[in-house]
Structures are given as C-alpha cells and as structure tokens.
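Residue numbers (my numbering), protein chains in the order written: chain A, 1 to 153; chain B, 1001 to 1153.
Heads up, the thing below is written out as structure tokens.
2 protein chains.
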Amino acid sequence: MRRDSRLSRMLHVLIHMDRHQGAATSETIAAMLNTNPVVVRRTMAGLRDRGYVRSGKGHGGGWSLACSLADLTLLDVYRAIGEPPLFAFGPACDRPECLVEQAVDAAVADVLKQAENLLLERLASVTLADVAADFDGRMGSLTGHSCQSRKAG
Amino acid sequence: MRRDSRLSRMLHVLIHMDRHQGAATSETIAAMLNTNPVVVRRTMAGLRDRGYVRSGKGHGGGWSLACSLADLTLLDVYRAIGEPPLFAFGPACDRPECLVEQAVDAAVADVLKQAENLLLERLASVTLADVAADFDGRMGSLTGHSCQSRKAG
DNA sequence: CAATCCTGTAACTTATGTTGTTGCGTGGTC
DNA sequence: GACCACGCAACAACATAAGTTACAGGATTG
C-alpha cells in the first residue's frame, strides 16, 4: 500500500475551507488536493458525519466548514476518517498458539501501545487553528518579514 | 498493504533458534512461522549480514544463532530487516508548493517524529532475552504454577 | 416543470508493497 | 558423485489506498 494520506489531505482542505468564501465543490477541493472529486467526497463523508463540515447539493452546493478550526484537533480528524491503522507493522497472526510467538507479540504490542498513546496524545494537542497560524507565519515570511536576506550588512 | 510482520517473525525465530540444538533449516523455520522457506531465507539475510545469525550449506547446514539474545534488542532486529516504514500514514506528496499543505505536513511530521523517537527508544530498551524470559514465564504458568485451576478447593 | 448542478454511492481499475511460489545455480557434506 | 541446503532471480497472489466511471437523487434556477 502507499502511505495513507487521508489525514494530511483532510487537514489541508479544512484550512482551505476556513479561508474560503462560501461552499467549495468537490471538484474545487479535488483541484486543491491534486486528486479526484469522488475521493474527496468519499473521505469527507466521515467529517460530515461528525458535523465538522456540511455538504449541500444542487446550485451553490458543496462543502463548508461547520465549526471553528480552534475546536478541531488533528485527533478529531483522524477519528473522523475512520481511525485507519497507525503503524505499518504488527504481529504475523491474530491468535498464535506458539508461546514464543505470544511472548513476542506481547512485547511488540506493548511498544506499539506506548507509541500509539503518545501519537494520539500529540494529535490531540494540536488544533487546526495552530496549523493555520503556522501557515500564516509562512505566508508572512515570504513578503513582510525581514528574513535574514543576503541584502543585510 | 498487509501489515509488515517481518519484525515479529524474526524475533520469533531468533528465540526458537536459541532453544534449538544445532542448525535449523529454512524449511524447519518456515514450518515454525507458518510460511515459506524462501521467505525465511530472504528475511534472515539481513540478520546474517549483521552477524546475528550464521547460515551453512550442505548436510547439517541451516541457520544458527551467532550471538546472545541478551545482546540483541528489538531495535537491532528492526534495523537488520532494513528499517521498513514504521507508520501507515504520512503526507500526500513530497515537496508541496501549497503553503497550507506545507504547514500541515510540518505538523504531522512533528507528531510522527516524536512517536518515532519513542518507538525506537522502546524497541532499543527490550532485549530478546527479555522476551525469552517472558516466554519462560508463560511456559511455567501452564504446568508448575498454581494458576487458579478449578481443581483448587 | 424542466434543466442544471452537485452530492452519494457502487463498481471497477490502478498502484504499491508484503508475502508466497517456482526454478535453478552454487557450495558444502557424506 | 549424490545429496542437501542456501542464494537469488523472477513471477504470482493478496491487501489496501487511490483513481476512475457511471448513475441515482436531491436542490436550485429560470
């Protein structure tokens, strides 16, 4: 499998929607994400079910934000897309008879559990507003900010 | 992709090899792991390159442990199999032009980096001897230990 | 009401990476 | 020399995310 990019894509589009006037169609969003309108609808369905975004049909329809970016964490979005697997590795089979394998699986599962806890905790600690603020900073440093250009001195 | 089970499998087989008299053939090992001899040779090649195991050809050939389980950490084995990807998700593209996407990727990468650091640190903290000891404990509690069987009372 | 727009969803194809399999070469042992 | 076991290449099978096509259904506009 290729690496799952749904989380990143949803974060990306949510920030765009926050800066977007009115509703954005799947096609517009797909263009932002360099993907397909159907993929957009498929993935955003989870966000809609959670009430983070709204979708409207017909003329003037499309997708719009239904909450504040400050109220959305990366974890919320991860949950909304269905909590896909976090790790690329794991045990060989589900309920091994071999006691050695059981011990191995327990050791690996313990490590994974700790990493998962940290991962989820970190995802919960970052809001979409934080990311948007970082974006604003990057935006500013392109023009306004005096960023140690070689002009100095 | 299916979840990568190479790490677990190698841990599993290394402990078996530690308890195994003499060399074990790929076929024997494949039977332990419920897989194929070629898969075993393919995956164990990395362990051999690192000197953790030895392989011999011809009569009486096969695989044998070349170090102590106490000197092997889960991280060593992870490295030996080629450090496959740890996480199942990541950014949508490598060098995005969109500043929003850059900000999103940076936020996700930061979280992933922290989780990776913890994961590698935890993998490094567990030796194969630790896992083998856990196995011994499971072994013991099947027979010797008075484990609240209904015989009690 | 009819035309148009956009979502909702199913079905299928593509892409990528692990795993499984076959075949054969090579070296080591008896 | 016969046999055994690894080494390796090449290919098939499988799982999952992503891309694509097709069409039904609801909403807006005139």
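For glycine and all other residues, C-beta sits at the position ideal for the given N, C-alpha and C.
All values derive from a computational prediction rather than experimental measurement.
Give the interface partners of residue i over in chain B, defined as CB-CB distance under 7 Å, in chain order.
i	result
VAL131/A	ALA1103, VAL1104 and ALA1107
Under 9 Å between beta-carbons, which chain A residues line up against residue i? List them in chain order, please.
i	result
SER1064/B	In chain order: nothing, as chain A lies at least about 17 Å away.
How is residue i classed by DSSP in three states: helix, strand or coil?
i	result
LYS1025/B	Per the sequence shown, residue 1025/B should be read as Thr rather than Lys. The answer is coil: DSSP assigns THR1025/B none of H, G, I, E or B.
THR143/A	helix
ASP1136/B	helix
ASP1094/B	coil
SER1149/B	Because SER1149/B sits at a pLDDT of 38, beneath the cut-off of 50, its placement in the model cannot be relied upon, and the point is left open.
ARG1002/B	coil
Starting from residue i, find everything on chain A with Cβ-Cβ shorter than 8 Å and list it in chain order.
i	result
VAL1111/B	LEU74, LEU119, ARG122, LEU123 and VAL126
SER990/B	The question about residue 990/B has no answer, for chain B in this structure spans 1001 to 1153.
Could you give the residue range of the alpha helix (DSSP H) that holds residue i?
i	result
VAL1100/B	1099-1125
HIS1016/B	1006-1019
Residues of chain B with CB under 8 Å from residue i, in chain order?
i	result
LEU11/A	VAL1104, ALA1107 and VAL1108
ASP134/A	ALA1103, ALA1106 and ALA1107
Quick one: which chain A residues come within Cβ less than 7 Å of residue i?
i	result
ASP1004/B	ALA88 and PHE89
ARG1138/B	LEU99, GLN102 and ALA103
So which residues on chain B does residue i lean against when the C-beta distance must stay under 9 Å?
i	result
ALA115/A	LEU1086, ALA1115, GLU1116, LEU1118, LEU1119 and ARG1122
Should residue i be listed as close to the ligand ZN, given that the test is whether its C-beta is under 8 Å from any heavy atom?
i	result
VAL13/A	Absence of the ligand ZN is noted for the structure shown, with no ligands found whatsoever.
In chain order, what are the residue ranges of uninterrupted alpha helix (DSSP H) at least 4 long that sit wholly in the stretch 1029-1091 of chain B?
Runs found: 1037-1049 and 1074-1080.
Mind checking the stretch 84-103 of chain A against chain B and listing, in chain order, the residues whose C-beta falls within less than 9 Å of any C-beta there?
Residues of the stretch 84-103 of chain A that bring their beta carbon within less than 9 Å of a beta carbon in chain B comprise PRO84, PRO85, LEU86, PHE87, ALA88, PHE89, GLY90, PRO91, ALA92, CYS93, PRO96, CYS98, LEU99, VAL100, GLU101, GLN102 and ALA103, in sequence order.
What are the residues of the stretch 15-27 of chain A that lie near chain B, defined by any Cβ-Cβ distance shorter than 7 Å?
Here the close residues are ILE15 and HIS16.
Can you list, in chain order, the residues of the stretch 1025-1048 of chain B whose Cβ is nearer than 9 Å to any Cβ on chain A?
Taking 9 Å as the Cβ-Cβ cut-off against chain A, the residues of the stretch 1025-1048 of chain B that qualify are MET1032, LEU1033, ASN1034 and THR1035.
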